Amino acid sequence: MSLSELTAQKLRYDIVASPVAIKDNTGWTCNVLDMNGYDSVTFLFSIGATDIAMAALKVQESDTASSATALSTGTDITGADFSVSPATLPADSADNTIVAVTIPWRGLRKRYCLLVATAGNGTSGTYGSCIAVRTPAVIPNTATGRGLGQHLIVTG
Amino acid sequence: MLALQKCKFGIALRPQADLTGATPTTYTFDTNGCKAVHLLITCGTCGTPPTTLKVQEADVATSTALTNGTDVPLADFSVSPLTLAGSTGTGIQSLVTIPITGARKRYLDLSAVFAAAASFASAVWIGEVMDEAPNTAAKRGLGQHAIVAG
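Chains A and B, in that order, are what the protein sequence lines are.
In terms of our numbering, the first sequence opens at residue 9 and continues consecutively.
In terms of our numbering, the second sequence opens at residue 49 and continues consecutively.
As structure tokens, this is what we get:
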């Protein structure tokens, strides 16, 4: 087994925002991540066709989650807000791109985090979806443990 | 964190409108410099499973098509023990891991055909870079990459 296969099997993959119909002037429903047992998280937000800049794209954290899709009094994570320079909110020309934010989970980080993604008010709007790739402290030994329905590994 | 900074990313299937009965445009991936490529497929609501979901390879490609693409063995979800998942509702992820060794060809593409029922899906390529770690977001295939200080 190669190093690469091992790397893929050491990670946890979660759907943050499922692929859905186009969003215009509204937010995506995003799933809260419980970071207990994880060292870092990278959000990969994919943008399909769009005719408007996004209105918000950032990550918040909290000690408690009020539901599977909401935090209790979430606060912004410094450096994880695309509206704050040097980052910029994805523009109306960001079709077919991926934007990412990587957050080490250590120090004073709180237990739960949530992506906040809101489409701007355009003529049609924006297609988007998001996955999270996390590094677990304990390596998952099944596809399910990696958050996957199936994991196909081609022989090298 | 460092591991993902050594990767490059690409959209394989962009988020888009209901894919009912569609063969959507997919985006090829250049494996040059990669030691392995992972294709992460996310299904939102899928009324029935896709009828085709597999990875193909070729020596020549445009951004959206392979020239004379052939199936990558064992990377076809219609072949047992895998299944064409998606009929059980929202939130199914599938991952294909392909080591870029031996006789693998340079370009990969996702081949996907969706059934006649509401289907939302997207997919991303994650290429593990072997020799030189990309040092900018653009080189990683990203519009932006925010890295929070640890």
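Every residue gets a Cβ at the ideal spot worked out from N, C-alpha and C, and that includes glycine.
Bear in mind that the values here come from a model prediction, so they are computed numbers and not experimental data.
By alpha-carbon distance to THR68(B), the top candidate from HIS86(B), THR99(B), PRO121(B) and ALA84(B) is THR99(B). Between the beta-carbon of TRP36(A) and that of ALA125(A) there is about 5 Å, and that keeps the pair under the 8 Å contact cut.
Taken in chain order, the members of the segment 170 to 181 of chain B whose beta-carbon sits within less than 7 Å of a beta-carbon on chain A are SER170, VAL172 and GLU176. In this structure, the straight-line span from the alpha carbon of GLY136(A) to that of LYS54(B) is close to 24 Å.
For GLY153(A), the three-state secondary structure derived from DSSP is helix. Where PHE51(A) is concerned, the enclosing beta strand (DSSP E) starts and stops at 46 to 58. DSSP lists HIS159(A) and LEU88(B) as the beta-bridge partner residues of LEU143(B).
For SER74(A), the enclosing beta strand (DSSP E) starts and ends at 73 to 75. Residue nearest to ASP100(A) within the set ALA64(A), THR134(A), LEU156(A) and ILE85(A) is THR134(A) (criterion: CA-CA distance). Closest by C-alpha distance to ALA164(B), out of TYR75(B), GLU180(B) and GLY95(B), is GLY95(B). The beta carbon of ALA84(B) sits closer than 7 Å to the beta carbons of THR145, ILE146, PRO147, ILE148 and GLU176 from its chain, once the five residues preceding and following it are set aside; these are given in chain order.
The CB of PRO144(A) never comes closer than 8 Å to any CB in chain B; the least such distance is about 13 Å. With a threshold of 16 other beta carbon atoms within 10 Å, GLU180(B) falls short and is exposed. Taking every protein chain shown into account, the CB of VAL108(B) has fewer than 16 other CB atoms within 10 angstroms, so this residue is exposed. Interface annotation, TYR46(A): not in contact with chain B, CB-CB separation never under 8 Å. Taking a 10 Å sphere around the C-beta of ALA186(B), we find fewer than 16 other C-beta atoms and assign the residue as exposed. Taking C-beta atoms as the reference points, ASP47(A) and THR163(A) fail to come closer than 8 Å. Contact between the segment 113 to 128 of chain A and the segment 52 to 63 of chain A is present: 3 or more CB-CB pairs across the two stretches fall below 8 Å. Assigned with DSSP and collapsed to three states, ALA106(B) falls in strand. Annotation for ASN33(A): ASN129 place their beta carbon closer than 6 Å to its own, counting only its chain and skipping 5 residues before and after. Straight-line measurement puts the Cα of LEU65(A) at about 25 Å from the Cα of GLY45(A).
For PHE168(B), the chain A residues whose C-beta falls within less than 9 Å of its own C-beta are SER26, PRO27, VAL28, ALA29 and SER137, listed in chain order.
Residue-level contact by beta carbon fails for ALA78(A) and chain B, as no gap is shorter than 8 Å. In the three-state reduction of the DSSP assignment, LEU97(A) falls in the coil class, being assigned neither a helical nor a strand state.
One finds ALA133, ILE140, GLN141 and SER142 in chain B with Cβ atoms closer than 7 Å to the Cβ of GLY157(A), taken in chain order. Identification of chain A residues near GLY69(B) by a Cβ-Cβ cut-off of 9 Å yields none; the smallest Cβ-Cβ distance measures about 16 Å.
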